[in-house]
Amino acid sequence: MSTDTTSAPAFRYAAVTFDCADPAEMARFYGELLGFPALFSTDDFVLLGRQGAAGLGFNRLADYRPPTWPDPAQEKQAHIELGVDDLDIAEKRLLDLGATKPEFQPAPDRWRVLLDPAGHPFCITTLV
1 MSTDTTSAPA
11 FRYAAVTFDC
21 ADPAEMARFY
31 GELLGFPALF
41 STDDFVLLGR
51 QGAAGLGFNR
61 LADYRPPTWP
71 DPAQEKQAHI
81 ELGVDDLDIA
91 EKRLLDLGAT
101 KPEFQPAPDR
111 WRVLLDPAGH
121 PFCITTLV
């Protein structure tokens with residue numbers, strides 16, 4: 001790997017973007033959860049975050065199909081891990097915000113799997 005950066009472009013990690021049917025709904029959910037304001041918004045795309053830090057984007061996809069985790073029919077492509085102090089309190093808040101909890105939980109004493117409003121799995125854990 002070259003260490004010469006004189007001619008290399010500068011790259012910055014900007015965001016992870018999730019496909020979904022309703023970017024505004026996803027922005028409301030994650031914005032409320034993480035305290036991120038909208039930095040950019042159109043009918044088809046919303047970017048949440050803070051200036052100078054990585055954010056979360058939500059892109060409208062007309063034929064969006066949510067993951068069917070844990071059923072492999074429509075695999076999850078990625079998921080977010082959120083660190084919390086108390087699993088039960090965090091789970092309740094997330095459910096109040098609109099998350100759902102799948103029946104299958106691989107290790108509920110260490111982490112919980114929830115689904116955001118578009119069906120993307122994400123985890124809460126006390127391990128980080």
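Numbering-wise (the UniProt record's numbering), the sequence shown opens with residue 1 and increments by one. Note that CB positions come from ideal geometry on N, CA and C, so glycine has one too. None of the values given here were measured: they were computed from a predicted structure.
Other residues of its chain near residue i: CB distance less than 7 Å, five sequence neighbours each side excluded
{"i": "Pro-23", "result": "Asp-44, Phe-45, Val-46, Phe-58, Asn-59, Arg-60"}
{"i": "Ala-54", "result": "Tyr-13, Ala-14, Ala-15"}
{"i": "Arg-50", "result": "Phe-36"}
{"i": "Leu-87", "result": "Arg-112, Ile-124, Thr-126"}
Buried or exposed by the 16-neighbour rule on C-beta atoms within 10 Å, applied to residue i
{"i": "Tyr-30", "result": "buried"}
{"i": "Phe-122", "result": "buried"}
{"i": "residue 164", "result": "Look at the range of the chain in this structure, 1 to 128, and you will see that residue 164 is not part of it."}
{"i": "Ala-73", "result": "exposed"}
{"i": "Asp-116", "result": "buried"}
{"i": "Leu-95", "result": "exposed"}
Contacting residues, own chain, Cβ-Cβ under 6 Å from residue i (five flanking each side not counted)
{"i": "residue 151", "result": "The structure shown does not extend to residue 151, since the chain is modelled only from 1 to 128, so the question has no answer here."}
{"i": "Ala-90", "result": "Val-84, Ile-124"}
{"i": "Thr-42", "result": "none"}
Interface flag, residue i vs chain C, CB-CB below 8 Å
{"i": "Pro-37", "result": "Going by chain labels, chain C is absent from the structure shown, which holds only one protein chain."}
Under 8 Å between C-beta atoms of residue i and residue j
{"i": "Leu-48", "j": "Ala-78", "result": "no"}
{"i": "Asp-38", "j": "Ala-118", "result": "The sequence shown places Ala at residue 38, not Asp. No."}
Jot down the residue ranges of each uninterrupted alpha helix (DSSP H) in the UniProt domain "VOC" (12–127), minimum 4 residues, whole runs only, in chain order.
23–34, 87–97
Touch test, the segment 65–76 against the segment 94–101, Cβ-Cβ under 8 Å, three pairs minimum:
no
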